[in-house]
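Some notes on the structure that comes next.
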Amino acid sequence: MAMLADTFPLDVRAVLTTARTLHISEFEVFRLAYQKWYGQHVDTAQLENFFVAYLFDSETPHWVRHFTSQVMALKQEGIAAQIELDRLEIKAQINQGLLIC
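The sequence shown maps to residues 18 to 118 in my numbering.
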């Protein structure tokens, strides 16, 4: 599998690594990246348009690329645990109805 992943475009590998680092799906990487870049929640249908282009054409929006590069830098600095805590905090806020996705 690792050999197959090496053939993926760099942006796709970055999304996959970010998803694995944060223990979330690739789709959730897109959702978090959008929220981080634009400071607001995104409609699932709108996000799906970007995600389908990623799945079929390996097109990665600039805001996803920026988010994955930030996560990768933090991971290299050993801050993956803080990223996981932030993710859990966001998830808890969603579950409490404080954030709407």
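All residues carry an ideal CB built from backbone N, CA and C; glycine is no exception.
Query - Backbone CA spacing between Val69 and Glu43 [nearest angstrom] - result: 11 Å
**Report entry** Alpha carbon of Phe73 to alpha carbon of Phe25, nearest angstrom
**Finding:** 12 Å
**Report entry** 8 Å contact criterion, which Val32 and Thr61 should meet: CB distance rounded
**Finding:** About 18 Å separates the Cβ atoms of Val32 and Thr61, ruling out a contact at the 8 Å cut-off.
Query raised in the report: Which residues in the same chain as Arg104 place their Cβ atom closer than 7 Å to its Cβ, once the five residues preceding and following it in sequence are excluded?
Result: Leu39, Ile41
**Report entry** For Thr35 and Tyr71, the rounded distance between their alpha carbons
**Finding:** 15 Å
Report task. Identify every run of the alpha helix (DSSP H) within the stretch 19-106, keeping only runs that are complete inside it and at least 4 residues long; order them along the chain. Result -> Taken in chain order, the complete alpha helix (DSSP H) segments of 4 residues or longer contained in the stretch 19-106 are 19-23, 27-39, 43-55, 61-74, 79-93.
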